[in-house]
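Chains Y and D are the protein sequences, given in the same order.
Here the first sequence stands for residues 3 to 489, where the numbers follow my numbering.
Here the second sequence stands for residues 87 to 731, where the numbers follow my numbering.
All remarks here apply to the structure that follows.
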Amino acid sequence: MSLLSLIVFAPLAGALLILAIPNTRTKAIQGVAAASSAVCMIFSGYLYYAFDKSTAAMQFIEKVSWIPAFNISYHLGVDGLSVTIVALTALLTLVSIIYSFNITLRVKEFFFWFLLLEVGMLGVFVSLDLFLFYVFWELTLVPMYFLIGVWGGPQKEYAAIKFFVYTLFGSLVMLLGILALYFNSAPHTFDMLELARQSSLFPLNFQIWVFLALYLGFAIKIPAFPFHTWLPLAHVEAPTGVSVLLAGILLKMGIYGLLRVSFPVLPLAAKWFMPFFIVIAVINIIYGALVAMAQKDLKKMVAYSSINHMGYCMLGMAAMTTIGFNGAVLQMVTHGLITGSLFLLVGVIYDRAHTRDIDAFGGLGARFPIFAGLMTIQVMASLGLPGLAGFVSEFLCFLGAFEAWPYYVAASAIGILVTAAFFLRMIEKVFLGPFNEKWAGLPDMNLRELVAIVPLAVLTLVIGLWPRFCLDLIDPTITYLVGIVNR
Amino acid sequence: MLEYVFILPLLSFAVAGVILAFGKWLPGRGASAGIAVAAWGFAQAAILFTKAIQGKLALPYEVSIPWFSVGSTQATLGVYVDGLTIAMLVVVTAVSLLVQIYSIGYMRGDPRFKRYYAYLSLFTASMLGLTISDNMLVFFMCWELVGVCSYLLIGFWFEKPSAAYAGKKAFITTKLGDLGFLVGLLSLFYCTGTFRISEILELAHIGFIPPAAAGAAAILLFLGAVGKSAQFPLLIWLPDAMEGPSPVSALIHAATMVAAGVYMVARLYAVYALSPVALDTVAWTGAITALTAASMALVCFDLKRVLAFSTVSQLGYMMLGLGAGGFTAGMFHLTTHAYFKALLFLAAGSVIHAVHTNDMREMGGLKNKMPVTYITFLLGALALVGIPPFAGFFSKDAVLAAALARNPYLYAVGAVAAAMTAFYMARALVMTFHGEPKDMKKYDHAHESPPVMTGPLILLAAASVVSGWALSRHEIFERLVNFEGVLPFELHHVSHGAVALYAGTVAVLSMGLGAWLYKSKPGIPAMLRGKFAPVAGLLDRRYGLDAFFLKFVALGDRLSSVLFIFDLNFLDAIAIDGWAWLTEKLSRIQRWFDDNVVDAAVDATGTVTLCAGRLARLAQTGIVQNYLLFIAVAVSVFAALAFAG
């Protein structure tokens, strides 16, 4: 059974089908988009359900020789590292598509690119062949370029080109690293699992150069300081549904790449790099939070808070411990859910008020209880309130890093305080205080928006109370991974 | 019996959800459900307490289920019950129940009545979870959750900007302390390899944890308590927290949540007891808090804020007791204080409900209009001040005795604060209930509160009167809550009788002085205030603590905007866009080079070739004679060369 291929290419089928539908039939286009991503979601749900939690080995493997001359194969598989993110990708795309039913400009192209983007993202997380991985990696770039450049905000062209060139630059350097691995493996291979087995053959110097090349590509995606400046611009200019995927999934490709390729294939270089990595992590956490505090625009604030949250992922990875890696993987999932819904909620208010200026509101809590309630829950989750998803993952990241880097961890705790400060200040300005009568006529959330956001909020609560929902899948793989990394 | 303890928080949690979702259709808009669960919880706690003091329970009791595991580390959800837990359970459930009953009257007609009860139940659930948790991870989670409930309830009337601000301030100030708690928790985990309280205590008892590490972890954890229990210098949030409804102040900001810090120190007392430095930190922080807060209460005119300062001060006593080695004394004071301070807040709420102001300068003479409120407030005040034989006398005496046994200076600070306590309570009592009404309109409007509010007052008053005496009879409390480990220092021998005699005398004299001054000579306090204006101003400004922290906030804001400018104008504009600009310029240079050098070279090659072609064409005349001539010439030249060679 080729479940993974079905998951990856179901959206592609939808995209091709959409090409065949006339422009004017908006409903049909929306229906096909939602249906194909729903099919993808159902398959992913089945994958999640059928996934064997007791093993660290790759599952649902598909391997077909693709370009035999270069030993390249179509090689897919999932383990605990990827399965949760595959499910997250399918879910976030589905809710973003539902949310994006309000798009009226060039609907056909919009959903075509959107589904193509989903193919690319899913492909990245299930590829076990570096060449295939790279193809999917680049495949995400083009749809994203158009999605930002056509349907974005006032600075959309600038944001799109910046995103495109910046990421392309990173991925080209990454390609050099991939090729270096290929030519130094014996026999030459792009197979990630085979490369990881050969890791002991690579001398430290070689490992360091390749690690740095790959790191550049991944760091831009994460984004790790100082390669983060494309992010606020792209997130803010992108339409709501696209921002969700940018923050929810695309950023994770960087962390995922490090965990899937850099750490197992280049363990010596990883160890060598960790003293730098922890510093970058702490900068991401504190700097990201502080810059977020300076924002007047809701969406920018959420965007910068992502830099802070990705810092926790990096913190968790920096100690190379089981606890920390588990925390980092879980943090990817929880950040996707939490920040994804925060972007949707910002979209909700922007669609109504046509402004995202934090100071423009006031007292909305009394008149928009549903919106205020959901926003408060997700903000609390984002600042790490126990009982909601963000707490467990952040705590595990802290716990995992503490033994090796106690002072760095203590310093990065400041990030928690600053995050609490700017989010609570935002809540105070937007929802509390006397009601700003200017917004008296606005309706509370509608069904489309609730259908998009409530599932994410529910999952935020479920994972917060019952983290085993994810950790049981993640842990065996991570335990194994930490074993081979620290070999 | 003990097997069902875990249901307590779960049921409260569930009922919070039920009230939020279905409150509209429940009797009393959900209040009934909350109260029913709280009553059941109190009944359970009371039964546990009775059985425990009869020695019928096998304590400590512990049970847990796995929650999640990563690698070899396992997190659990579980219950740990010992005498300390039971003492706290009784306090939490009793005050929660009475406050919920009282709130029916106090919150009547509030548009968010339903939500209020949901929040109260959520708070109770979190507080119960904190009380019974068997591990520090879940303890920390509940610790944060009670903080959020406090945030939501302080800002319950969020249309008022001051309430919204106060909620935020409380959350962030306590969060500052919680950073210490988090790091302390992490370091405790790496000292012991576990979050389980029983294992941590066991490892501390057998001396497995190095004293230095234990001390560091203990002090870091204590930072969390400094925030949560409003100790110096993080005490600034509690007075502002009075923006919330009065019953909330009684439950959260007097009896339970603010006592969580004290409870935490008691819970991990074996760890604290490994390090004299940690215990001294606790004791001195407590002593300084007791004194500073009491002094601030002396000049305050807001009735609820006087009580808030008083709460801070009494929390300082509890810490003082624990830090000085008086484990039982500190917890005893926590217990009695919960009753009389909840009583005082509820009585103050009853007053505020009647006159619609917090300002004592607009009150006066209310004792005739509100006799029940007056009597109960008076009893609560006597208990707080420590007049024998009311509750506070026993517990405060125990704390002071413990302080004296440890260090005379600690005792001196505590004794001065005790005198201040008596004075400000006399002042509050007189200004509110005695003398002439200051604001006739408000006075005329005032009336006694309904029985649903005075009922809880009477019950709490009864507890305030007898709990100290009852619990110290046959050393009931001491047998329930005591520390069996070894303290890291020697204690001096203290005569309890002498301390009690002194404390009682000071309380009576100081209270008498305060009452006399404010009742018969109101000019003198005003005159003193004028004469010592700088001192009064300093106290009004809370020793500049607020200003200090606001500076801190402003600094953070400035740093954040500087970093943002750096991000935008340096990192992005120069490093990234600058690079793009440079690339573009380079490409222009390359294009010029391309056009003028590379392309020109290509063109030149072409030109040269063409010219060469033209030259060569000259020879291609197409006339056969010419070709023959060339051949002949060539042949002769080659021949000549060959022969010459």
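C-beta atoms are modelled at their ideal positions from N, C-alpha and C, and glycine is treated no differently.
- Close to Y:M295, with beta-carbon spacing below 8 Å, are these residues of chain D in chain order: G642, D643, S646.
- Per DSSP, D:F569 lies in no beta strand (DSSP E) segment and is marked neither H nor E.
- Judged by beta-carbon spacing, Y:L78 lies beyond the 8 Å limit of Y:S39, meaning their Cβ atoms are not closer than that value.
- With respect to the 8 Å criterion, D:A484 and D:H419 are classified as neighbours on the basis of their beta carbons.
- Look at D:H442 here: in three-state DSSP terms it is coil, with no helix or strand label.
- Pairing D:L470 with D:L430 gives a Cβ-Cβ distance under 8 Å.
- Under the 10 Å beta carbon count, D:P333 is surrounded by 16 or more other beta carbons and is classified as buried.
- Secondary structure at D:V91: coil, using DSSP grouped into helix, strand and coil.
- Within the segment 108-134 of chain D, not one residue has a Cβ closer than 8 Å to any Cβ of chain Y.
- By the C-beta criterion, the segment 32-50 of chain Y is judged to be in contact with the segment 8-18 of chain Y, since at least 3 inter-stretch pairs fall below 8 Å.
- The C-beta of Y:I418 comes closer than 8 Å to at least one C-beta of chain D.
- The beta-carbon distance between D:G270 and D:G215, rounded to whole angstroms, is 20 Å. This is too long to meet the 8 Å contact definition.
- When Cβ-Cβ separations below 8 Å define contact, D:P247 makes contact with chain Y.
- For D:L175, the closest C-alpha among the options D:M613, D:M213, D:K200, D:V694 is that of D:M213.
- Here Y:N310 is actually not in contact with Y:A320; their C-beta atoms are around 16 Å apart, not less than 8 Å.
- Boundaries of the alpha helix (DSSP H) harbouring D:A346: 346-353, taken from the DSSP string.
- For the pair Y:M322 and Y:V484, the CB atoms are nearer than the 8 Å cut-off.
- One alpha carbon belongs to Y:Y76, the other to Y:L143, and they sit about 21 Å apart.
- Counting along the chain, the unbroken alpha helix (DSSP H) around D:V232 starts and ends at 222-240.
- Residues of the segment 318-337 of chain Y that bring their beta carbon within less than 7 Å of a beta carbon in chain D comprise T324, I325, N328, in sequence order.
- Apart from sequence neighbours up to five positions away, the residues of its chain that approach D:P611 with a beta-carbon distance below 8 Å are R513, L603, Y604, ordered along the chain.
- The Cβ-Cβ distance between D:K390 and D:V344 does not fall below 8 Å.
- When secondary structure is reduced to three states using DSSP, Y:D131 falls in the strand class.
- By a beta-carbon distance limit of 8 Å, D:V234 contacts Y:L387. Their separation comes to about 6 Å.
- Cβ neighbours of D:Y237 within its own chain (closer than 7 Å, five residues either side excluded): G253, A256, F257.
- Taking D:A102 as the centre and dropping the five residues before and after it, the same chain places the C-beta of A204, S207, L208, A211 closer than 7 Å to its C-beta, in chain order.
- Within the segment 198-215 of chain D, not one residue has a Cβ closer than 8 Å to any Cβ of chain Y.
- Where Y:E396 is concerned, the enclosing alpha helix (DSSP H) starts and stops at 391-404.
- Every alpha helix (DSSP H) stretch that sits fully inside the segment 192-244 of chain Y and reaches 4 residues is listed by chain position as 194-199, 206-223, 232-239.
- The beta carbons of Y:A226 and D:L265 sit no closer together than 8 Å.
- The beta carbon of D:A661 sits closer than 8 Å to some beta carbon of chain Y.
- Following the DSSP letters along the chain, one finds Y:H311 in no beta strand (DSSP E) but inside the alpha helix (DSSP H) bounded by residues 300-320.
- Here Y:T57 is exposed, its C-beta having fewer than 16 other C-beta atoms within 10 Å.
- Taken through DSSP and simplified to helix, strand or coil, Y:G154 comes out as coil.
- Just measuring C-alpha positions, the residue of Y:I69, Y:G33, Y:L5, Y:D81 sitting nearest Y:D474 is Y:D81.
- Per the C-alpha coordinates, the member of Y:P266, Y:A272, Y:L461 positioned closest to Y:L195 is Y:P266.
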